[in-house]
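A short worksheet on the structure shown next.
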């Protein structure tokens, strides 16, 4: 067994992460692999040394033992069990793990998943009154919906999608190039894992059709420009029976001819006579609930603000009307 320091073999620091170790291993394994260096015994020895260092440093238990005892941890009955150490892992398995981090596949295949439908956005314009009090609005949204003829499967009624014979339902195929393998999207089923031999006449095998949906949207009291309301599952239906996306209703509140809104507060300007400002009195001021009386104290200066609690936007944090 190699006596060189394993960290030195891979060219990494002793606190290197597993990802850094895998990157270093991939680079060196490609450089020294026997397939790329036929007949070169020196390269073959270096490859074995690199592989051994990788096996130890990517195993938490072996790495901890190596950090504490060095090579002695694996000699004469140590953790590695003598000659058995480092011989149990096949190169293609290890390389599959390394490239799995890069290509997203690895060597553990999984059942293909149909892609969820797209999310949609609907821009809704509200009056200030509707935004403050809350309102229910009906909207029409052009979108894709699940085909009612084939129930979203894409196959003609009476038939069903068949498991892809190329990828056996996995949605991916493994392409070997030299000494390593790369997983790619199945060219036959395009990643779906199934093929439709007899497509539905209505949706032409897509499992969805275009339609304009009418939805009732409840706008909660207190919304403001920039707020979004999510309607789960009301976006586009996915292809081949996949779940639908969500619909986001984007709120925009129109400017008001009297009030200016700032958060939960409403502002308005009320003119008063010079006499009332000097001597005091009462003046009627507008609110969203009707006109109310406001007491003006003597010697009121232009620009002074008065606060009327509870006359602004009702929300969790409360608000007022500032005059």
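Residue numbers (my numbering): 124 to 446. Beta carbons: idealized from backbone N, C-alpha and C, even for Gly.
When the options are compared against residue i, the one with the closest alpha-carbon
i, options, result
"residue 331", "358, 354, 353, 166", "358"
"residue 146", "176, 158, 403", "176"
"residue 431", "423, 418, 422", "418"
"residue 392", "156, 409, 377, 403", "409"
"residue 360", "275, 194, 159", "275"
"residue 386", "406, 141, 436", "436"
"residue 338", "372, 320, 349", "372"
"residue 170", "151, 256, 370", "151"
"residue 258", "378, 283, 374", "374"
"residue 282", "255, 398, 328", "328"
"residue 190", "294, 128, 166, 411", "128"
"residue 153", "137, 138, 133, 139", "133"
"residue 346", "186, 268, 253, 383", "253"
"residue 422", "403, 298, 167, 376", "403"
"residue 310", "326, 325, 288", "288"
"residue 401", "416, 420, 389, 188", "420"
"residue 266", "388, 362, 137", "362"
"residue 428", "411, 390, 158, 143", "390"
"residue 383", "135, 144, 255, 179", "255"
"residue 412", "179, 433, 350, 424", "433"
"residue 268", "370, 136, 160, 183", "370"
"residue 246", "350, 424, 388", "350"
"residue 139", "352, 183, 162", "183"
"residue 426", "394, 388, 416", "394"
"residue 396", "424, 416, 381", "424"
Per-residue DSSP class, three states only, for residue i
i, result
"residue 146", "helix"
"residue 437", "coil"
"residue 293", "coil"
"residue 450", "The first residue shown for the chain is 124 and the last is 446, placing residue 450 beyond what the model contains."
"residue 228", "Note that residue 228 scores 43 on pLDDT, short of 50, meaning its location in the model is unreliable; the coordinates nonetheless yield the value given after this. The answer is coil: DSSP assigns residue 228 none of H, G, I, E or B."
"residue 375", "strand"
"residue 469", "What the structure shows of the chain is the stretch from 124 to 446, and residue 469 is not part of that stretch, so it cannot be assessed."
"residue 213", "Confidence in residue 213 is poor, its pLDDT being 43 and thus under 50, which makes the residue's placement too unreliable to answer from."
"residue 338", "strand"
"residue 132", "helix"
"residue 201", "For residue 201, the pLDDT reaches just 48, beneath the cut-off of 50, and the residue's location in the model is therefore unreliable, leaving the point undetermined."
"residue 94", "The structure shown does not extend to residue 94, since the chain is modelled only from 124 to 446, so the question has no answer here."
"residue 432", "strand"
"residue 218", "Note that residue 218 has pLDDT 46, beneath the 50 cutoff, so the model's placement of it is unreliable and the number below is only indicative. Of the three classes helix, strand and coil, the one that applies to residue 218 here is helix, per DSSP."
"residue 141", "helix"
"residue 426", "coil"
"residue 256", "helix"
"residue 261", "strand"
"residue 351", "strand"
"residue 206", "The predicted position of residue 206 is uncertain, since its pLDDT is 39 and thus under 50; a value taken from the coordinates is nonetheless stated next. Here residue 206 sits in helix by DSSP."
"residue 223", "Residue placement at residue 223 cannot be trusted, given a pLDDT of 43 that sits under 50; what the coordinates show is reported in the next sentence. Reduced to three states, the DSSP call for residue 223 is helix."
"residue 359", "coil"
"residue 158", "coil"
Within 8 Å, strictly: CB atoms of residue i and residue j
i, j, result
"residue 277", "residue 286", "no"
"residue 368", "residue 164", "no"
"residue 131", "residue 181", "no"
"residue 407", "residue 414", "yes"
"residue 116", "residue 260", "Nothing about residue 116 can be reported from this structure: the residues present for the chain run from 124 to 446 only."
"residue 126", "residue 194", "yes"
"residue 340", "residue 354", "yes"
"residue 270", "residue 325", "yes"
Cβ-Cβ separation, residue j to residue i (assumed contact under 8 Å), whole Å
i, j, result
"residue 273", "residue 323", "4 Å"
"residue 308", "residue 316", "Between residue 316 and residue 308 the Cβ distance is about 11 Å, and since that is not below 8 Å, they are no contact."
"residue 173", "residue 192", "21 Å between Cβ atoms; not a contact."
"residue 111", "residue 379", "The structure shown does not extend to residue 111, since the chain spans only 124 to 446, so no value can be given for it."
"residue 284", "residue 318", "7 Å"
"residue 348", "residue 264", "The pair is not a contact, with the Cβ atoms about 21 Å apart (cut-off 8 Å)."
"residue 239", "residue 366", "5 Å"
Per DSSP, cross-strand counterpart(s) of residue i
i, result
"residue 251", "Per DSSP, none; premise fails for residue 251."
"residue 404", "419"
"residue 298", "305"
"residue 411", "According to DSSP, residue 411 bridges with nothing at all."
"residue 175", "BP columns for residue 175 are empty, so no partner."
"residue 317", "286"
"residue 266", "334"
"residue 243", "370"
"residue 322", "278"
beta-carbon residue i near the ligand MN non-hydrogen atom, thresh 7 Å
i, result
"residue 396", "In the structure shown, the ligand MN is absent, as is every other ligand, since no ligand is present at all."
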